[in-house]
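**Student:**
Structure representation (structure tokens):
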């Protein structure tokens, strides 16, 4: 049975960065990702420039979207429009996460995609954890001193280790429409709508990623209804001419 100092479950941003720093500091590290990479990840893919300090690496220009986001336009609950300049990082999570995976591997971490966590067993005699994983149907057990669960909201790690505070039901959801076509919108602006008719939780959004306008919102109940209402509003107000190519 192979032994590691650290096993990280989840190859997203947090998991990849944790694995990279651990490997750089001499920890024998295994990073596992459930899906075959590069994989799609529903997410805004927008961060601010300080994000590069958090991940400890300058993001190559080719890992970002072709259009840069440098301005924001906010519509307040009373309908007032506020505008300002703010440079943002705009990327697709499939490209970005795959790059972070490679950084972790380059630092010395053992990276395995298409690998699912099956079970965790505490070995109290050695004060270690036995981690069972499956790669393309082939199961394997490894031992580790430390374990990081970076496997998302419905984390199998947290479900196993802290069932008392694991909620199986999501408290809400977001819905994005990906629209290809023409629009009376600025490709370098992030639009934010703080209107409860479109989003009861925070704000609804519109922005461009390469050739796709992302039009979305979130809600704790009936998110699809809010999303359709908001899309209809944006379509009429900004003269959308084209088609929705994807919803998620």
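Residue numbers (our numbering): 5 to 252.
The beta-carbon is built from N, C-alpha and C at its ideal position, and this holds for glycine as well.
1) Can you look up residue 105 in the DSSP assignment and give me helix, strand or coil?
2) Between the alpha carbons of residue 5 and residue 124, how many angstroms are there, rounded?
3) Three or more C-beta pairs closer than 8 Å, one from the region 48-67 and one from the region 111-119: is that the case here?
4) Find the nearest neighbour of residue 95 within the set 136, 106, 118 and 68, judged by alpha-carbon distance.
5) Out of curiosity, what's the CA-to-CA distance linking residue 27 and residue 191?
6) What whole-angstrom Cβ distance do residue 222 and residue 205 have, given they're in contact under 8 Å?
7) Distance check for residue 119 and residue 86, CA to CA, integer angstroms please.
8) Please report how far the alpha carbon of residue 187 lies from the alpha carbon of residue 23, in whole angstroms.
9) Hey, which unbroken runs of the beta strand (DSSP E) at 3 residues or more fall wholly within the region 184-208?
10) In chain order, what are the residue ranges of uninterrupted beta strand (DSSP E) at least 3 long that sit wholly in the region 134-185?
11) Please report the Cβ distance between residue 45 and residue 117, rounded to the nearest whole angstrom; I am assuming they are in contact, meaning their Cβ atoms lie under 8 Å.
12) Considering just the uninterrupted stretch of the alpha helix (DSSP H) at residue 58, what are its terminal residues?
13) Report the residue from 89, 99, 34 and 160 whose alpha carbon sits nearest the alpha carbon of residue 193.
14) Could you tell me the boundaries of the beta strand (DSSP E) in which residue 52 lies?
15) In angstroms, rounded to a whole number, what distance separates the CA positions of residue 162 and residue 98?
16) Kindly list the residues whose CB is nearer than 6 Å to the CB of residue 127, restricted to its own chain and excluding five residues on each side of it in sequence; keep chain order.
17) DSSP has residue 74 in a bridge; who is on the other side?
18) Leaving out the 5 sequence neighbours to the left and right, which residues in its chain are closer than 7 Å to residue 18 when beta-carbon positions are compared?
**Tutor:** With the given structure in hand:
1) helix
2) 14 Å
3) no
4) 68
5) 39 Å
6) 5 Å
7) 46 Å
8) 41 Å
9) 193-197
10) 142-153
11) Contact flag wrong, Cβ pair sits at about 13 Å.
12) 55-59
13) 89
14) 50-52
15) 24 Å
16) 134
17) BP columns for residue 74 are empty, so no partner.
18) 154
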